[in-house]
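Scroll down for the structure; my scribbles are underneath it.
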Amino acid sequence: MATVTLKNDLEIHTNGELPEVGSPAPDFRLTTGDLGTAKLSDYANKKLVLNIVPSLDTPTCAESARKFNAAFENRNDAEVLVISADLPFAQGRFCSIEGLENVTPLSMMKDKSFAEDYGVLLIDGPLQGLAARSIVIIDEAGTVMYTQLAPETVDEPDYDAALAALNS
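For what it's worth, our numbering labels the leading residue of the sequence shown as 19, then goes sequentially.
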């Protein structure tokens, strides 16, 4: 179990820990914008950046999606998945309004097992049931190559560290 804070004063907990670097990435089943299912195997032979956020309807989560979108404007060596508990329709509307074309939104709306398997499900506090802000980078073979859990829910992740790990 990991501990993060909300507004620097309320401790909230995850159900576990992020996957270990060097371990196989847990499979997942997430909901796509057309209500289909996305699985890890759908991205075989691609590097993935999992930008896991509580909700795109918050300023920090929205900014995180925008920054990864900008970082991948001229890249095709990896895919960025923005994963939240938002409805796929809301995710799609957000990406459309913001002009985000370099990230793929995926939803945990049908099932929280993604957050459970990745150790980021918030199990208490006012955000219970959402995912903790985190980044997981997976290589082409499906191995975890980098993880980052934001210690404070309203802080942005360390983009430079994540992108450096992706480029290593």
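Every residue gets a Cβ at the ideal spot worked out from N, C-alpha and C, and that includes glycine.
Among the options, nearest to residue i - alpha-carbon criterion
{"i": "Val162", "options": "Pro42, Arg151, Phe112 and Lys57", "result": "Pro42"}
{"i": "Ala89", "options": "Glu134, Gln109, Leu118 and Phe107", "result": "Leu118"}
{"i": "Leu99", "options": "Asn26, Arg111, Asp75 and Val71", "result": "Val71"}
{"i": "Ala183", "options": "Leu105, Leu24, Val67 and Asn63", "result": "Val67"}
{"i": "Leu96", "options": "Ala168, Asp27 and Lys65", "result": "First, the residue type needs correcting, since residue 96 is Ala and not Leu in the sequence shown. For the residues Ala168, Asp27 and Lys65, the minimum Cα distance to Ala96 belongs to Lys65."}
{"i": "Phe132", "options": "Ala56, Leu24 and Asp27", "result": "Ala56"}
{"i": "Asp176", "options": "Asp60, Leu28, Asn69 and Met127", "result": "Asn69"}
{"i": "Asp157", "options": "Thr122, Gly147, Glu174 and Tyr61", "result": "Tyr61"}
{"i": "Ala180", "options": "Ile155, Arg93 and Gly40", "result": "Ile155"}
{"i": "Glu91", "options": "Phe107, Ala108, Val22 and Thr122", "result": "Thr122"}
{"i": "Lys25", "options": "Asn94, Asp173, Phe46 and Gly147", "result": "Asp173"}
{"i": "Asp75", "options": "Phe46, Phe107 and Arg93", "result": "Phe107"}
{"i": "Thr23", "options": "Phe112, Asp178 and Pro169", "result": "Pro169"}
Nearest-angstrom Cβ-Cβ length linking residue i and residue j, presumed shorter than 8 Å
{"i": "Leu124", "j": "Thr171", "result": "That pair is no contact at about 20 Å."}
{"i": "Arg188", "j": "Glu116", "result": "Outside the displayed span of the chain (19 to 186) sits residue 188, for which this structure offers no information."}
{"i": "Ser114", "j": "Ser73", "result": "With 8 Å as the limit, Ser114 and Ser73 do not qualify as a contact, their Cβ atoms being about 17 Å apart."}
{"i": "Leu28", "j": "Gly160", "result": "36 Å between Cβ atoms; not a contact."}
Boundaries of the alpha helix (DSSP H) in which residue i is found, first to last residue
{"i": "Gln109", "result": "Pro106 to Glu116"}
{"i": "Asn87", "result": "Pro77 to Ala89"}
{"i": "Leu139", "result": "Element bounds for Leu139: n/a, residue is neither H nor E."}
C-beta contact flag for residue i and residue j at 7 Å
{"i": "Asn63", "j": "Asn87", "result": "no"}
{"i": "Asp135", "j": "Pro44", "result": "yes"}
{"i": "Leu36", "j": "Thr165", "result": "yes"}
{"i": "Leu167", "j": "Ala20", "result": "yes"}
{"i": "Gly51", "j": "Gly110", "result": "yes"}
{"i": "Met127", "j": "Leu105", "result": "yes"}
CB contact check: residue i to chain D, cutoff 7 Å
{"i": "Leu148", "result": "Absent from the structure: chain D. Only one protein chain is present."}
Boundaries of the beta strand (DSSP E) in which residue i is found, first to last residue
{"i": "Tyr164", "result": "Val162 to Leu167"}
{"i": "Ser131", "result": "Taken as a continuous stretch (DSSP letters only), Ser131 belongs to no beta strand (DSSP E), being part of the alpha helix (DSSP H) at Ser131 to Asp135."}
{"i": "Ala62", "result": "That residue, Ala62, is in no beta strand (DSSP E); it is neither H nor E in DSSP."}
Given 8 Å, three or more beta-carbon pairs between the region 125-144 and the region 30-42: yes
Cβ pair count under 8 Å reaching 3, the region 70-82 against the region 143-154: yes
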